[in-house]
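**Q** What follows is a single structure, and I will ask about it in a moment.
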Amino acid sequence: MNVSKRKNSKLMLAGITGICALAVLLTIAGILSVRRMQNTATMIYEHPYTVSNEARAMRSRLLDMKGFIATLLADTREDPEQLASKLEERYEMQEESIGIITQKYLGPEEDTAALKEAMQALEDAQEEAAADVSGMTEEEILQYVDEKLHPKYDAVNDCLITIIAFADKKVQGLEKVSADTASMTVASLALLTIVLPAFFLGLMLRERRGIQEIRYRERLFDILSTNVDDIFFIYNKEKDNLEYISSNLCRITGIEKEAFDLAPDYMEQLILEEDKPAYKEFQRQAGSGTSRGVDLRISFVPGEIKWMRLQLYPESVKGKVVRYVISLSDQTESMKIQQALKDALLNAQNANAAKQNFLSRMSHEIRTPMNAIIGMTTIAGAYIEDRGRVEDCLEKIGYSSKHLMSLINDVLDMSKIDEGKMTIAHEVFNLENVAESITSIIYPQAAAKGLKFTMPLVDLTETVLKGDSLRLNQILLNLLSNALKFTPEGGKISLEIRQLRKKDGKVRLRFTVSDNGMGMSSEFMDRLFLPFEQESAVTGQKYGGTGLGMSITKNLVTLMGGTITVHSQQGEGSSFMVELDFDIAESEEKKTAIGEQELAALKVLIADDDKDSCIHTSLLLKNLGIVSDWVLNGTDCVEKVRISHRTGEDYDVCLIDWKMPDIDGVETTRRIREFVGPDTLIIIITAYDWSSIEKDARAAGANAFLSKPIFESMLYNVLLSATGIDKTVRFQLSQMEIKHPELEGRCILLAEDNLLNQEIAVELLRMSGIEVECACNGKEAVDKFLMEPLKYDAILMDVQMPLMNGYQATELIRRAECPRSATIPIIAMTADAFHEDMVKAAASGMNAHMAKPIDPEQLYHLLKEKILKE
């Protein structure tokens, strides 16, 4: 029995062992099957699933890029660097996805190789496009993209579709293997009674693991979204609710998720009113089933506006959109950078335009007086034997030269240009000189264009004033230049100078520049004084100019404390009225007492078709104590002279305008000479140059000529000269004597390599009794001084000279151990006129700096100051 028991025990034990062994084997088989399932799941996740996801993400970005590449090319066609920067970010993302796909892809290597080649071809095509689209219109860019780039995008897309299809197929195959393994496990475990519960338990565990995996992935997604600046939403279109809101919503916007839960349209409430139409259009197009994006301004916090990029990715099932994945990214900094780049570009363009406009304006400003200088030089050469004409031309050349020199000084004064400084002088000047300077510049241009230019003077009694004659000259020349430009041939231009009032040592003058040219529209007059403004592009192309003249004129008038107004009508002309106040200065030119009684005894007749000119001239004569009559045409003038001759009360002087409507001044003179003798002096009045009529006028009996506008001193001088009562008191260049007794007998060493400049300087110095010795370079100047250091009272040193420049020569003289080497005045006399040049001259040991061209009075004053100081 015991043996039987032992045998049964052995059999039981064997059975139990067998069952246990079988159970163990089945368990092991089950475990191995489960492990195989895990490996299969891991393979699905790590390889085809990953490849499928990356390929889909890459395809989504590709299609997104395809949608906006045309817009990007259009926006950045003038800035290739910005385009390259934006594309480079996309390329990096795509290359990263290609790397993952290449590493994980289980299909043919030819697929990934084809993808790389297609992507490289796309990048090359877009790089070429960056250069090709420069200068294209938006339509041309769209056509270019459709022909050149979209095929490249389609090639990449085809490669991705192939890879996605293979990956999906691989997933399906692995899923089938996993299912077969599960079936085998279930069949094996079913052999045992304990297999069934274990099987269900395994299913439960598997389900739990699946849920945990999903939760794990959600947790990873939440961690990702929490640490990035893009907000994600998932919107269920069928249920009309938000299924998911990323946890970074509150961090980025300051808004809790509950706000969107309570009101799905809460986003629309935050968008600025100006951008809501764009948002509405974005919503309307969302149903098309394609990815879309829009930039909106959103105010999440009151008072704070952010630029946000709203991107929409639809999910479709059987061709029907069931939900949307929405991303919201902050583009504020990017927009600021773009705006900063645009502002920088605009500033650079404006700076370049300002430079060009400045050069254009200065070219015009400089050419205007240069025209007068060249013209008057030509006239002087043509009348070289006529001393009076030459003196008149030289005087007018002097006016224009000083105006030109003042302009050049303004250009060279860099601080004024850079800082926008403009100072107003308060110096004594004679309005007669300003008027004569303007006439000498404007009249030839008006005559060349076939225009009539007049300068009537009304109620003008004060001409010696205190103020800024240069700025006044600029204002009037700007206005007159515009009148010349916009008045057609046969038109009229006038500058009327009217004295409005005189009180408390001040006088207010009104300068009216009028023309009968093309005029201006009322719309343009509202922006007339703004910089760079012109009536139209056609006007700018036809007449030229920078559009700065009126702005400059307005600023100058304002700086001088005056006002400027304009009246204009298209097709009829324009009138500019400038009113300025000036102090009345004591006139340094006093009328000589000689002949005052004789002048007062004269009887004068004025003939001019301009009534204002007649009244003005008679007022000037009255101030000289002369009784006068006036008539408005030549016929009345002849009749008036005839009647006075019959009664024995002949006129002593007839002032006759050259151009009158019935008979001109020459014919009027001829008819008067038929019945009056030489005792009646006839003076022809002309607007400017009488050379063309001088021969005929003198043959008709004219004694003298007088240019308009007529001022008191001018009239006084011509009457004295024509009547022979006394010599003219007008300042004559031929009689000019530059006397400075303090400089007479002084010896100056002049270092100058340019022979013409040397000749000018020597002559100016000798006119004041100064002895001059010359050196042609710095080395010769040093040698001469060291040989006779006590001989020279001062040294005038040019800077740019051969062998040794002025700075080097000065340094050698200052270091020399000889008498007066440290104290002798050394004055830089150079064309280098910048502030830096003055500093450099002082650093080398020079006592003063004087810029060429030489101003004689400044030279004498500087020499007296330095020599007497030593």
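With the working numbering as the guide, the letters of the sequence shown map in order to residues 72 to 941.
For every residue, glycine included, the Cβ atom is placed at its ideal position computed from N, Cα and C.
1) DSSP puts GLY538 in a beta bridge; with which residues?
2) At a cut-off of 7 angstroms, would you count TRP701 as near the ligand SAH, judging by its Cβ distance to the nearest heavy atom?
3) Beta-carbon separation of SER645 and GLY588 under 8 angstroms?
4) LYS573 to PHE776, Cα distance in whole Å?
5) Measure the C-alpha to C-alpha separation of ASP680 and ASP457 and round it to an integer number of angstroms.
6) Which residue from LEU341, GLY576, ASN124 puts its Cα closest to that of ALA236?
7) Pick from LEU158, GLN165, LEU692: whose alpha carbon is nearest that of ARG127?
8) Smallest Cα separation from ALA678: which of ALA672, VAL712, LEU670, ASP652?
9) Tell me, which residues are paired with ILE781 by DSSP?
10) Are ALA899 and ALA914 touching if we call contact CB-CB under 8 angstroms?
11) Can you name the start and end residues of the alpha helix (DSSP H) that PHE595 belongs to?
12) If I follow the unbroken beta strand (DSSP E) through ASP767, where does it start and stop?
13) Do GLU560 and GLY521 have their beta-carbon atoms positioned less than 8 angstroms apart in this structure?
14) Using CA coordinates, which residue listed in THR881, ARG886, ILE841, ILE819 is at the minimum distance from ASP864?
15) Secondary structure at VAL818, three-state DSSP: helix, strand or coil?
16) Looking at LEU752 and ASN774, is the spacing between their C-beta atoms short of 8 angstroms?
17) Excluding five sequence neighbours on each side, which residues of the same chain lie with their C-beta closer than 8 angstroms to the C-beta of LEU475?
18) Any chance you could list the beta strand (DSSP E) runs of at least 3 consecutive residues sitting entirely within the stretch 543-589, in chain order?
19) Does the beta-carbon distance from PHE600 to MET631 come in below 8 angstroms?
20) Short check: CB of PHE653 to CB of VAL737, under 8 angstroms?
21) Check whether the stretch 509-529 and the stretch 550-565 are in contact - that is, three or more C-beta pairs closer than 8 angstroms.
22) What residues in its chain sit with their C-beta under 6 angstroms from that of CYS708, if we drop five residues either side in the sequence?
23) Quick one: any contact between the stretch 200-216 and the stretch 151-165, if contact means 3 or more CB pairs under 8 angstroms?
24) Would you kindly check if the distance between the Cβ of ARG542 and the Cβ of ILE509 is under 8 angstroms?
25) Can you give me the start and stop residues for the beta strand (DSSP E) that ALA24 sits inside?
26) May I have the straight-line CA-CA distance separating GLY616 from ILE623, to the nearest angstrom?
27) DSSP state of ILE418, grouped into three classes?
28) Is it right to say PRO348 is buried, meaning 16 or more other beta carbons lie within 10 angstroms of its own, or is it exposed?
29) Alpha carbon to alpha carbon, how far is PRO860 from ALA893? Give it in angstroms, no decimals.
30) Helix, strand or coil for ALA922, going by three-state DSSP, please let me know.
31) Please check the pair ILE756 and ALA768, which I expect to be a contact at CB under 8 angstroms, by giving their CB distance rounded to whole angstroms.
32) State the start and end residues of the unbroken beta strand (DSSP E) segment that holds ILE326.
33) Is there contact between the stretch 690-706 and the stretch 544-552, where contact requires at least three CB pairs shorter than 8 angstroms?
34) Could you pull out every residue in the same chain whose Cβ sits closer than 7 angstroms to the Cβ of TYR162, ignoring the five residues on either side in sequence?
**A** This is what the structure holds:
1) GLU498
2) Absence of the ligand SAH is noted for the structure shown, with no ligands found whatsoever.
3) yes
4) 31 angstroms
5) 30 angstroms
6) ASN124
7) GLN165
8) VAL712
9) For ILE781, which the question treats as bridged, DSSP gives no partner whatsoever.
10) no
11) 593-596
12) From DSSP, ASP767 is part of no beta strand (DSSP E) but of the alpha helix (DSSP H) over 762-771.
13) yes
14) ILE819
15) Per the sequence shown, residue 818 should be read as Cys rather than Val. Strand, per DSSP.
16) yes
17) ILE437, PRO440, MET441, ILE444
18) 563-574, 577-586
19) no
20) no
21) yes
22) ALA678, VAL702, THR739
23) yes
24) no
25) Look at the range of the chain in this structure, 72 to 941, and you will see that residue 24 is not part of it.
26) Note that GLY616 has pLDDT 46, beneath the 50 cutoff, so the model's placement of it is unreliable and no number is given.
27) With the sequence shown as reference, residue 418 is identified as Asn, and Ile is not the correct amino acid for it. Helix.
28) exposed
29) 11 angstroms
30) strand
31) That pair is no contact at about 11 angstroms.
32) Unbroken run through ILE326: none, as it is neither H nor E.
33) no
34) GLU194
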